[in-house]
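Input: a single structure, listed below in structure tokens.
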Amino acid sequence: RSLGEAQSIDPGFDLRRGATATIALGFGGRTSEAEGRVFFDQLLERARSLPGVTSAALAGHLPLGMTIQSRSVEFEGRPLPEGEDELEVEFDVISPGYLRTLGVNLPFGRDFTEQDRAESPGVVLVNEEAARRFWPGENPLGKRVRFSEEGPWLEVVGVTETGKYRTLGEDPRPFVYRPFLQEYSALMTLVVRGEVEEAQLVEQVRREIEALDPTAPIFDLRSVSQHLGIMLFPARMGAVLLAAFGLLGLVLASVGLYGVVAYVVSRRTREVGVRLALGARRQDVLSMVVWEGMTLVAEGVVAGVGAALALGRLVANWLYGIESYDPLTFVAVPVLLALVALAANLVPARRATRIDPMVALRYE
Numbered sequence: 233r234s235l236g237e238a239q240s241i242d243p244g245f246d247l248r249r250g251a252t253a254t255i256a257l258g259f260g261g262r263t264s265e266a267e268g269r270v271f272f273d274q275l276l277e278r279a280r281s282l283p284g285v286t287s288a289a290l291a292g293h294l295p296l297g298m299t300i301q302s303r304s305v306e307f308e309g310r311p312l313p314e315g316e317d318e319l320e321v322e323f324d325v326i327s328p329g330y331l332r333t334l335g336v337n338l339p340f341g342r343d344f345t346e347q348d349r350a351e352s353p354g355v356v357l358v359n360e361e362a363a364r365r366f367w368p369g370e371n372p373l374g375k376r377v378r379f380s381e382e383g384p385w386l387e388v389v390g391v392t393e394t395g396k397y398r399t400l401g402e403d404p405r406p407f408v409y410r411p412f413l414q415e416y417s418a419l420m421t422l423v424v425r426g427e428v429e430e431a432q433l434v435e436q437v438r439r440e441i442e443a444l445d446p447t448a449p450i451f452d453l454r455s456v457s458q459h460l461g462i463m464l465f466p467a468r469m470g471a472v473l474l475a476a477f478g479l480l481g482l483v484l485a486s487v488g489l490y491g492v493v494a495y496v497v498s499r500r501t502r503e504v505g506v507r508l509a510l511g512a513r514r515q516d517v518l519s520m521v522v523w524e525g526m527t528l529v530a531e532g533v534v535a536g537v538g539a540a541l542a543l544g545r546l547v548a549n550w551l552y553g554i555e556s557y558d559p560l561t562f563v564a565v566p567v568l569l570a571l572v573a574l575a576a577n578l579v580p581a582r583r584a585t586r587i588d589p590m591v592a593l594r595y596e
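When the letters of the sequence shown are read in order and numbered with my numbering, they come out as residues 233 to 596.
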């Protein structure tokens, strides 16, 4: 269930058919910003002209990847939280068209454009969580932020929907975008979206990068499906491990419970014989034995549920979309164990009540 929930979580972006490639120009001989900008401009132009490609853009890193970038950010007019010297907020550097390429919604304001260059006024995009947290009840457009006390103030020109940036199970977190045309980085990820098969897109991207510069260092050249597979790996591993250990524990609990209860009931065969010899009805004896056995089982189930509630937080980080105190689980498992216990009580009890009382009296 956790894996199914993870696969159905909306990460805030959509790239069902796409390819990505990370290029680190710092390792490829292009050490100047001017050379790097020329390379990335040409790469974007070539990628957008590929057959079947609908959009292409650059980003410092992709959501739900292995790279996390954060900076100390000051939101104009908002004091720092009590006891903190700085406020760390995650951010990314993106080119115009990034939001459209990833399918990120922009409810308010505008996207970055080709006019947002170094000589233009500094601008940023923030997500809805940042707007809600730092400017509650206010219009965030036109507000300002800066990344250091000496840095320039940057105007908020747009607000994106809040997505998932680190993990699928994370709580909403503030996020800030800067335009690549105003803040250069030699390490960028090309994102291409198209209407052709992902394998074909990956090969096309590889050829274009090599044609532009055979020495360009390429990392993480893969399809978006592979990227999504990597981000789902913790969920898959958690689902597999939890399912395996859960199933093993359930089987062991069921077998052990059946064996113990059946043994305890079978030891009462002599008592059953005495009661039958004294005139008790078989149905009454059967009901008594089963009821007493199930009473003990109920006490054990209550203790087990209490222990599970106490230890549930240990697996909370492995679960997606469901709580560690999931009501369905806490109902289904005790019911299953109760049915196993009922069978363990009923089978030997019925057998004991059906044998001849004289035989039962001699039972050891």
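The beta carbon of each residue, even a glycine, is placed where N, CA and C say it ideally should be.
Under the three-state reduction of DSSP output, Ile300 falls in the coil class, being neither helix nor strand. Distance between Glu430 and Leu482, taken at the CA atoms: about 42 Å. For Asp273, the enclosing alpha helix (DSSP H) begins and ends at Glu265 to Arg280. Glu351 counts as exposed, since fewer than 16 other beta carbons sit within 10 angstroms of its beta carbon. Pairing Gln458 with Thr527, the inter-Cα distance amounts to about 52 Å. Pro406 sits away from Val388, with the two beta carbons spaced by 8 Å or more.
For the set Asp452, Leu460, Ala418 and Val437, the Cα lying nearest the Cα of Leu334 is the one of Leu460. For Glu442, the enclosing alpha helix (DSSP H) has its first and last residue at Glu430 to Leu444.
DSSP places Asp452 in the strand class (E or B) of the three-state scheme. Listed in chain order, the non-local C-beta contacts of Gly329 below 8 Å within the same chain comprise Ser287, Ala288, Ala289 and Asp343, local neighbours out to five positions each way being set aside. Out of Val423, Ser519 and Val565, the CA that lies nearest to the CA of Ile255 is found in Val423.
For Asp246, the secondary structure class from DSSP, reduced to helix, strand or coil, is coil. DSSP places Tyr330 in the uninterrupted alpha helix (DSSP H) bounded by Tyr330 to Leu334. When only Cα atoms are considered, Gln436 and Arg278 end up about 10 Å apart. Taking the C-beta atoms as reference points, Val391 is found no nearer than 8 Å to Val356.
Contact between Ala362 and Val408 is confirmed by a C-beta separation of about 7 Å, below the 8 Å threshold. Counting other Cβ atoms within 10 Å of its Cβ, Ala494 reaches 16 or more and is therefore classed as buried. Of Trp523, Ala535 and Leu276, the smallest CA-CA separation from Ala576 is found for Trp523.
Within the DSSP secondary-structure output, Ala291 pairs in a beta bridge with Ile326 and Thr421.
Bounds of the alpha helix (DSSP H) holding Val506 are Thr501 to Ala509. Going by DSSP, Phe366 is part of the alpha helix (DSSP H) stretching over Glu360 to Phe366. Around the Cβ of Pro411, a 10 Å sphere holds 16 or more other Cβ atoms; the residue is buried. Restricting attention to Val377, Tyr490 and Leu419, the CA atom closest to the CA of Val572 is found in Tyr490. Contact check for Ala475 and Leu569: beta-carbon distance about 18 Å, past the 8 Å limit, so the pair fails to qualify.
The beta carbons of Arg349 and Leu413 sit closer together than 8 Å.
Note that the C-beta distance between Leu257 and Ala418 is below 8 Å.
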